[in-house]
Amino acid sequence: MKQDYVAGLLLWAFCFVLIETSVAQRASSAPDSLKSTTAATGKDSPLFGSVNELAFTLTAADLRVLLKDRGDKPVTHVASLTYVDARNQPVSLPLTLKVRGNFRRSRVNCSFPPLLIDLPKKKAKKTLFAHQNKLKLVTHCQVDEWVVREYLVYKLYNLLTDVSFRAQLARVTYADSLGKVSSETHWAFLLEDDDDLAKRNGSKISNMKQISMSYTDSLRMATVAVFEYMIGNTDWSVPYLHNIRFLDNGKTSFVPVPYDFDHAGIVGASYALPDPRLEIRSVKERIYRGLAYPTALFQQVFNTFNQVKPQVYAVYQNDSRLDKAYIKRTLKYLDEFYTLINKPASAQTVFRANAQSAEVK
Numbered sequence: 001m002k003q004d005y006v007a008g009l010l011l012w013a014f015c016f017v018l019i020e021t022s023v024a025q026r027a028s029s030a031p032d033s034l035k036s037t038t039a040a041t042g043k044d045s046p047l048f049g050s051v052n053e054l055a056f057t058l059t060a061a062d063l064r065v066l067l068k069d070r071g072d073k074p075v076t077h078v079a080s081l082t083y084v085d086a087r088n089q090p091v092s093l094p095l096t097l098k099v100r101g102n103f104r105r106s107r108v109n110c111s112f113p114p115l116l117i118d119l120p121k122k123k124a125k126k127t128l129f130a131h132q133n134k135l136k137l138v139t140h141c142q143v144d145e146w147v148v149r150e151y152l153v154y155k156l157y158n159l160l161t162d163v164s165f166r167a168q169l170a171r172v173t174y175a176d177s178l179g180k181v182s183s184e185t186h187w188a189f190l191l192e193d194d195d196d197l198a199k200r201n202g203s204k205i206s207n208m209k210q211i212s213m214s215y216t217d218s219l220r221m222a223t224v225a226v227f228e229y230m231i232g233n234t235d236w237s238v239p240y241l242h243n244i245r246f247l248d249n250g251k252t253s254f255v256p257v258p259y260d261f262d263h264a265g266i267v268g269a270s271y272a273l274p275d276p277r278l279e280i281r282s283v284k285e286r287i288y289r290g291l292a293y294p295t296a297l298f299q300q301v302f303n304t305f306n307q308v309k310p311q312v313y314a315v316y317q318n319d320s321r322l323d324k325a326y327i328k329r330t331l332k333y334l335d336e337f338y339t340l341i342n343k344p345a346s347a348q349t350v351f352r353a354n355a356q357s358a359e360v361k
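Numbered continuously in the numbering used here, the sequence shown closes out at residue 361.
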């Protein structure tokens, strides 16, 4: 028995060393650009970026049953999606809906849960949803403007790199085929499928956990960490793949891609609270959770943020979907960030002296 135990430990250690060696070798060959190094592959979808915002109706067989399905194992619900195409003709697609998510699936946190749309590819052919299968729909939860604010955070990260999730804002009408529930219309956004993101960047999704930030692409990891700092988001973890996806092209180090920004200070959802272990009083209070990268690398990241500064501010300025007071607060919040990264001494303190000495959990 003791020999089996020792043999098991040795086997585990051997496998661990192999993984560590493989990851380290990848990290040594990281690219130095935030642009995708591989051209998009496969057929691109007309869904993302085609218009400023979409409008469609989701009709559930029984909307009340769907919205009550908040357990650990939600079931699929028969539904349909209807929209008007460019020729002003109605298009209807059969599909199924499923309640998804973790925090926002709970009725305690959200009166309306996020949904997973499952489309039949053959039926969606030659429609706006061509080449799509499974799509995450981020719904309004409690307040419509919250989902618009989160959508805009995705647009911010799109400005920094094309290795990022694409999002499409929509006005969605939720209807009940039985007529038991009144129809209601809210803001929501569709999020690009993980595999489509990977294919577009010549990679695959890796679900390998317990990977240190030091074994990821340094430039991209630093960009993610500084971006999360800019928006006031601490709700992420690389080792546990919490609100982070890894792209793996089999050649270079893993590329982190952030998502799920509803707990960010820049969004300002009332349910968003910081982890008590971070010792900050509000999610609006920024804290850097990345590594202490070389000053030259940080400067490269800051240069990228400075290059897109006009576009970053333009995302919020004069957006009629946002409350004017929120726009004013957000621009001030961004001012504080840009002032910091352009003061070397202050940036040194925040991003190097106060950086993580241990891996973020």
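Glycine included, C-beta positions come from ideal geometry on N, C-alpha and C. The model shown is predicted, which means the values in this text are computed figures rather than measured ones.
Out of Val-255, Gly-232, Tyr-229, the CA that lies nearest to the CA of Leu-241 is found in Val-255. For Asp-69, the closest of Arg-87, Phe-112, Pro-46 by C-alpha to C-alpha distance is Phe-112.
Here Asp-69 carries a coil assignment [DSSP, helix/strand/coil]. The closest CA to that of Lys-125, considering only Arg-200, Val-91, Glu-192, Asp-144, is found on Val-91. Here Ala-272 has His-263, Val-283 as same chain residues with Cβ atoms under 6 angstroms from its own Cβ, once five neighbours each way along the sequence are excluded. Comparing alpha-carbon positions, the option among Thr-185, Phe-351, Thr-139 lying closest to Tyr-174 turns out to be Thr-185. Of the candidates Arg-286, Ala-188, Thr-223, the residue whose Cα lies closest to the Cα of Asp-235 is Arg-286. The C-alpha of Tyr-326 is placed about 30 angstroms away from the C-alpha of Leu-116. By the Cβ neighbour-count rule, Thr-295 is exposed, with fewer than 16 other Cβ atoms within 10 Å of its own. Taking C-beta separations shorter than 6 angstroms and ignoring five residues to either side along the sequence, the partners of Asn-109 in its chain run Phe-103, Tyr-271, following chain order.
In terms of Cβ geometry, Tyr-154 and Ala-170 do not form a close pair [threshold 7 angstroms].
Its chain contains Gly-290, Tyr-293, Leu-297, Phe-298, Val-301 as the residues whose beta carbon lies nearer than 7 angstroms to that of Ala-222, once the 5 sequence neighbours on both sides are disregarded; these appear in chain order. As computed with DSSP, Phe-56 is found in a beta bridge with Val-172. Around the beta-carbon of Val-257, 16 or more other beta-carbon atoms lie within 10 Å, marking it buried. With respect to the 7 angstroms criterion, Leu-128 and Pro-46 are classified as neighbours on the basis of their beta carbons.
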